[in-house]
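Notes for the one structure printed next.
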Amino acid sequence: MNPIAMLAESWRAIIANRMRSFLTMLGMIIGVAAVVLMLAVGQGAQSAIDETISAMGSNLFIVLSGATTSGGQRMGLGTAPTLKMADAAAIADLPNIEAAAPVQPGTATTVYAGNNWSTSITGVTPDYLRVRNWSMATGFAFTDADVRGAARVALLGKTVVDNLFGDENPIGKTIRIKQSPFTVVGVLESKGQSLDGRDQDDVVIVPVTTAQRKLFGSQFPGSVKFIMVQATSAEAMPAVEKEMNVLLRARHRIADDADADFTVRNLSAMAEASASATRIMSYVLGAIASISLIVGGIGIMNIMLVSVTERTREIGIRIAIGARHRDILLQFLLEAITISLIGCLIGVGLGVGGAWAVQKLAGFPVLVTPDIVLLAFSVAAGVGIFFGFYPARRAALMNPIDALRYQ
Amino acid sequence: MNQVISVNQLGKDYATAAGTFVALKSVSLTIAQGEFVAIMGPSGSGKSTFMNLLGCLDYPTRGSYALDGVGVATLSSDALAALRNRVIGFVFQGFNLLPRLNARENVALPMLYKGASSAERARRADEMLVKVGLAGLGDRRPNQLSGGQQQRVAIARALCNAPRLILADEPTGNLDSHTSDEVMNLFTELNNTGITIVLVTHEPDIARYAKRLVRFKDGEMIYDGDPAGGLI
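Protein chains in written order, with the working numbering: chain A, 1 to 407; chain B, 1001 to 1232.
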């Protein structure tokens, strides 16, 4: 019996019981739509996190200076001026270090023409941009020479540009930060939100020396709030963390049993943790949705069993006039698979449409990849075969004499 | 003469809760090409069991059976299906048409399992419908046909693979006497073209159409010969 003729036979049986076939399909439709939607939401969240992580930069440490105690009140990390520019240089000389960038941040009001905007001012070396994987949208970054000369040059984040300049081109213009004039030499590429929801584009970047001497003057010249360190690889990170601790304790002359006056944090590990939390969430969503797929499959099995019983006489006739076991098996199996594949097709359509609606209405990031669709299809085909096989086998193994006598 | 059916000491037992039930004791019989045989007997006489064995729908407990020269005892169920498909045409008391298929599709059904193309199936099915006197009714469903017409569709279905043997199990059991005569005349016509016909009936009037009568009682063959002699 040729496959097309067999498919036609199965299709006829599906059509003969439209309502029942549709209700059976509905189980698959809902299951597949739920799986596609849930996986799309999971993948959307995943890719949003991945984007944020790659915007942050990879294999990152942050070395924070220690806390001061003022009038019995401990002030928190970064308040004591324990980290020096020289510490950053020493870290950069360690093995497996891509770059070490000293950072001196502060906040100030920037002014251009009639506009003013309070923002964070970050004093860095050019290495900072490399570590953060940050490139320029227009203009150029400042150089090591600018750092040595404490030049009054600034790189603006997109948010600052929007607020101070509007549509005007800021390159070459002079803005005032704390009354001092700075020349805008570049505009930073937009990075969007950080993992904790901060606007990373609301920033002005200046040479670290300029920040130390001309903006946020301190009684401890040469000190920095923190140092961003990038390791050459993820594998090297544990060793790098250990070596930095040893190096800084030696440089700061800290006894073995005393508390350190700095803290090393592995930023990438934290980011990885939130990425894997998202991954787990998307697996859980998918797993819950696939339960409905299994319920849909059981629905198919249920209806196929009813159908086989109802059509006992038909099966007897077919066997008597020459159908082999495999002809009967295939006929009923094809029926189950056809129902589940059509259900799957509609389900994928609904799932993709639902994902689109979620994105439009709820503003959730969703991502429908070919993988998801392929997965839904193969699972649905698998469910059709798995749950269709038992009823089909039951039909194929019927005794024709009893089947013909069945009323 | 060419033997279509050759049965030697054929027997069938059924296991029941009360023990073994001997449905058919030991029957030996040959039916040649072109014969028209009526089988009669009260219920429980073993005639249905015998028909099922002849139709290769059941395996015998003992004895041997050759259909169209092929010993069936050792054949797999798939090989039996192919043999039934090629050699036998079945006609049942209850017509046994598939209600959701039209007459043409019902007739074409056995050709489906032979692997014929859909064009070939439709062409041959229409040919068979003409042969049984139902030209132009191919698109009707069974419930749009009278009992006699339904049985003609069933006969057309039995004919479509050009079988050497037609096995009919009380083919007129659900028909009135006038329609029964029409169907029996059709069987006679087919027999005249050389097709072997074996039919089970309990009506002497129907058995008279046959050229040979076989009677069963209590699992044994008690008469084999001229219909006139066995119908007293």
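A virtual CB, placed ideally from N, CA and C, is assigned to each residue, including glycine. Treat the numbers as computed from the prediction; the structure is a model and nothing was measured.
Point to revise | C-alpha gap between Ser58 (chain A) and Ala88 (chain A), whole angstroms | key: Position 58 of the first sequence holds residue 58 (chain A). Position 88 of the first sequence holds residue 88 (chain A). Whole-angstrom Cα-Cα distance: 18 Å.
**Study point:** Proximal residues to Ala1073 (chain B) (C-beta, below 8 Å), its chain only, five neighbours per side dropped
**Key:** Within the second sequence, residue 1073 (chain B) is the residue found at index 73, counting from 1. Contacts found: Tyr1059, Pro1060, Ser1064, Tyr1065.
Review point. Which residue spans inside the segment 1062-1139 of chain B form an unbroken alpha helix (DSSP H) run of at least 4?
Key: 1077-1087, 1103-1112, 1118-1131
**Study point:** Per-residue DSSP class, three states only, for Arg148 (chain A)
**Key:** On the first sequence, residue 148 (chain A) is found 148 positions in, with the first residue counted as 1. Correct three-state label for Arg148 (chain A): helix.
Review point. CB-CB under 6 Å to Leu333 (chain A), same chain, minus the five flanking residues each way: which ones, in chain order?
Key: Along the first sequence, one-based indexing puts residue 333 (chain A) at 333. Here the set comprises Gly388, Ala392.
Exercise for review: Please work out which residues of its chain come closer than 6 Å, Cβ to Cβ, to Tyr112 (chain A), disregarding the five sequence neighbours upstream and downstream, and give them in chain order.
Suggested key: What you label residue 112 (chain A) is simply residue 112 of the first sequence in a count that begins at 1. Once the five neighbours on either side are set aside, the close Cβ partners of Tyr112 (chain A) are Leu164, Ile175.
Check your understanding: If the cut is a Cβ gap below 9 Å, which residues of chain A does Asp1058 (chain B) touch?
Key -> The residue you call residue 1058 (chain B) lines up with position 58 of the second sequence. The contacting residues are Asn399, Pro400, Ile401.
Exercise for review: Compare the Cα-Cα distances from Ser268 (chain A) to each of A:Ile291, A:Leu330, A:Met237 and report the closest residue.
Suggested key: The residue labelled residue 268 (chain A) in the question sits at position 268 within the first sequence. Out of A:Ile291, A:Leu330, A:Met237, A:Met237 has the C-alpha closest to the C-alpha of Ser268 (chain A).
Point to revise | Min CB distance Leu1067 (chain B) to chain A below 8 Å | key: Here the question's residue 1067 (chain B) lines up with position 67 in the second sequence. False, the Cβ-Cβ gap to chain A never drops below 8 Å.
Review point. Would you call the CB atoms of Val153 (chain A) and Val224 (chain A) closer than 8 Å?
Key: On the first sequence, position 153 is the one that residue 153 (chain A) refers to. On the first sequence, position 224 is the one that residue 224 (chain A) refers to. No, Cβ-Cβ distance for Val153 (chain A) and Val224 (chain A) is not below 8 Å.
Check your understanding: Can you list, in chain order, the stretches of the alpha helix (DSSP H) that have 4 or more residues and sit fully within the segment 99-141 of chain A?
Key -> 126-131
**Study point:** Coil, strand or helix - Leu293 (chain A) by DSSP
**Key:** Stepping through the first sequence from its first residue, residue 293 (chain A) is reached at position 293. DSSP places Leu293 (chain A) in helix when its eight states are reduced to three.
Review point. If you compare alpha carbons, which of A:Leu329, A:Gly296, A:Pro400 is closest to Val35 (chain A)?
Key: In the first sequence, counting from the first residue as 1, residue 35 (chain A) sits at position 35. The option with the nearest alpha carbon to Val35 (chain A) is A:Gly296.
Point to revise | Buried/exposed call for Glu9 (chain A), threshold 16 Cβ in 10 Å | key: Counted from its first residue, the first sequence places residue 9 (chain A) at position 9. Looking at its Cβ environment, which holds 16 or more other Cβ atoms inside 10 Å, Glu9 (chain A) is buried.
Review point. Comparing the C-beta of Pro1110 (chain B) with each C-beta of chain A, is any distance below 8 Å?
Key: In the second sequence, counting from the first residue as 1, residue 1110 (chain B) sits at position 110. Chain A contact via Cβ: present.
Check your understanding: Does the beta carbon of Leu333 (chain A) come closer than 8 Å to any beta carbon on chain B?
Key -> Locating residue 333 (chain A) in the first sequence gives position 333, counting from the first residue. With 8 Å as the cut-off, Leu333 (chain A) does not count as an interface residue toward chain B.
Exercise for review: Could you check how far apart the C-beta atoms of Asn1102 (chain B) and Arg1141 (chain B) are, in whole angstroms? I think they sit under 8 Å.
Suggested key: By one-based count along the second sequence, residue 1102 (chain B) stands at place 102. By one-based count along the second sequence, residue 1141 (chain B) stands at place 141. Confirmed, Cβ separation roughly 5 Å.
Exercise for review: Just the C-alpha distance for Ala99 (chain A) and Thr119 (chain A), rounded to the nearest angstrom, thanks.
Suggested key: Here the question's residue 99 (chain A) lines up with position 99 in the first sequence. Here the question's residue 119 (chain A) lines up with position 119 in the first sequence. Straight-line Cα distance between these residues: approximately 26 Å.
**Study point:** Closest residue to Ile1206 (chain B) among B:Ala1168, B:Cys1056, B:Phe1216, B:Gly1219 (Cα-Cα distance)
**Key:** The sequence position of residue 1206 (chain B) within the second sequence is 206, counting from 1. Per the Cα distances, B:Ala1168.
Review point. Any C-beta of chain B sitting closer than 8 Å to the C-beta of Leu404 (chain A)?
Key: Residue mapping note: residue 404 (chain A) aligns to position 404 of the first sequence, counting from 1. Output row for Leu404 (chain A): interface = yes.
Check your understanding: With DSSP run on the structure shown, which of helix, strand or coil describes Tyr406 (chain A)?
Key -> For the purposes of this step, residue 406 (chain A) is taken as residue 406 along the first sequence, with counting starting at 1. Three-state result, Tyr406 (chain A): coil.
Review point. Between the segment 227-234 of chain A and the segment 15-31 of chain A, do at least 3 Cβ pairs fall closer than 8 Å?
Key: no
Check your understanding: Does Gly388 (chain A) come within less than 8 Å of chain B when only Cβ atoms are used?
Key -> Position 388 of the first sequence holds residue 388 (chain A). Judged by the 8 Å Cβ criterion, Gly388 (chain A) is not in contact with chain B.
Review point. Who pairs with Thr174 (chain A) in a beta bridge, going by DSSP?
Key: One-based indexing of the first sequence puts residue 174 (chain A) at position 174. Per DSSP, A:Thr183.
Practice item. Apply the 10 Å Cβ neighbour rule to Lys84 (chain A) and answer buried if 16 or more other Cβ atoms are within range, or exposed otherwise. Key: For this step, residue 84 (chain A) is matched to residue 84 along the first sequence. Label assigned to Lys84 (chain A): buried.
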